[in-house]
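In what follows, a single structure is set out as structure tokens and then discussed.
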Amino acid sequence: MRRLVTCFENVKVGKKLGMGFGLTLLLTVAVAFCGIKNLNDISGRAEKVSQLKIVNDLFAKAKDARLKYIKTHDEKFIADNERLLQKIEGQLASLQHYAWRPEQKSNLDRLNVLLKIYRDKRSETVSETQQRQRIIGNLVIRDEISTIQRLAQSY
Numbered sequence: 046m047r048r049l050v051t052c053f054e055n056v057k058v059g060k061k062l063g064m065g066f067g068l069t070l071l072l073t074v075a076v077a078f079c080g081i082k083n084l085n086d087i088s089g090r091a092e093k094v095s096q097l098k099i100v101n102d103l104f105a106k107a108k109d110a111r112l113k114y115i116k117t118h119d120e121k122f123i124a125d126n127e128r129l130l131q132k133i134e135g136q137l138a139s140l141q142h143y144a145w146r147p148e149q150k151s152n153l154d155r156l157n158v159l160l161k162i163y164r165d166k167r168s169e170t171v172s173e174t175q176q177r178q179r180i181i182g183n184l185v186i187r188d189e190i191s192t193i194q195r196l197a198q199s200y
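In structure tokens, the structure reads:
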């Protein structure tokens, strides 16, 4: 170690300054390289988050359409729900192109299976709602018929 210090003391001031500036330049390049790499990583993650937000928003809209159908029994809301689910499937397909950790990849793959299960359950809900509407319609008609018959008998 002493020999290194002695060797460094024998170097002229100009060379010491040159080595100092060279080392500073090397460190600056290393920091810049790391910064650019990390910014690229952040950009990639931001793009994935943006795509996931779109999927989340589409799920919220699909849920809203389903709830509006349950409230109003208007078939256009089920059509909206299906259209949104198809958009979700498209977004999920585009998300497959990104690099994911294994557990994230399995969750992403599971969403397609869950969408099929959701569609089956939604179909059951729609058929039950339609059946309920038919029953209610029949009850209303029966009530009206019995009211008309009572009125007819009273005359």
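With this note's numbering as the guide, the letters of the sequence shown map in order to residues 46 to 200. Positions of the beta carbon are idealized from the N, C-alpha and C atoms, including for glycine.
- prompt: Is the distance from the Cβ of glutamine 96 to the Cβ of leucine 160 below 7 Å?
  reply: no
- request: Quick one: residues in its chain with C-beta nearer than 7 Å to the C-beta of glutamine 178, no 5 flanking neighbours on either side, listed in chain order?
  value: His118
- request: Please classify arginine 179: does DSSP put it in a helix, a strand, or coil?
  value: helix
query: With a Cβ-Cβ cutoff of 7 Å, do leucine 129 and lysine 166 count as a contact?
result: no
- prompt: How would you label valine 100, buried or exposed, when you count the other beta carbons within 10 angstroms and need 16 or more for buried?
  reply: buried
field: Residue burial classification, asparagine 126 (beta-carbon count within 10 angstroms, cutoff 16)
entry: buried
field: Distance between leucine 62 and leucine 72 (C-alpha atoms, nearest Å)
entry: 15 Å
message: Looking at lysine 113: is its Cβ nearer than 7 Å to the Cβ of phenylalanine 104?
response: no
query: Can you find a heavy atom of the ligand SAH that lies under 6 Å from the Cβ of lysine 132?
result: What this structure holds is no ligand at all, so the ligand SAH is not there to describe.
message: Whole angstroms are fine: how far does the CA of arginine 146 sit from the CA of lysine 132?
response: 24 Å
message: Less than 8 Å between C-beta atoms, sequence neighbours within five positions excluded: which residues of the same chain meet that for valine 76?
response: none
- request: Go ahead and label aspartate 110 buried or exposed: buried means 16 or more other beta carbons lie within 10 angstroms of its beta carbon, across all protein chains shown.
  value: Residue 110 is actually alanine in this sequence, not aspartate. Result: buried.
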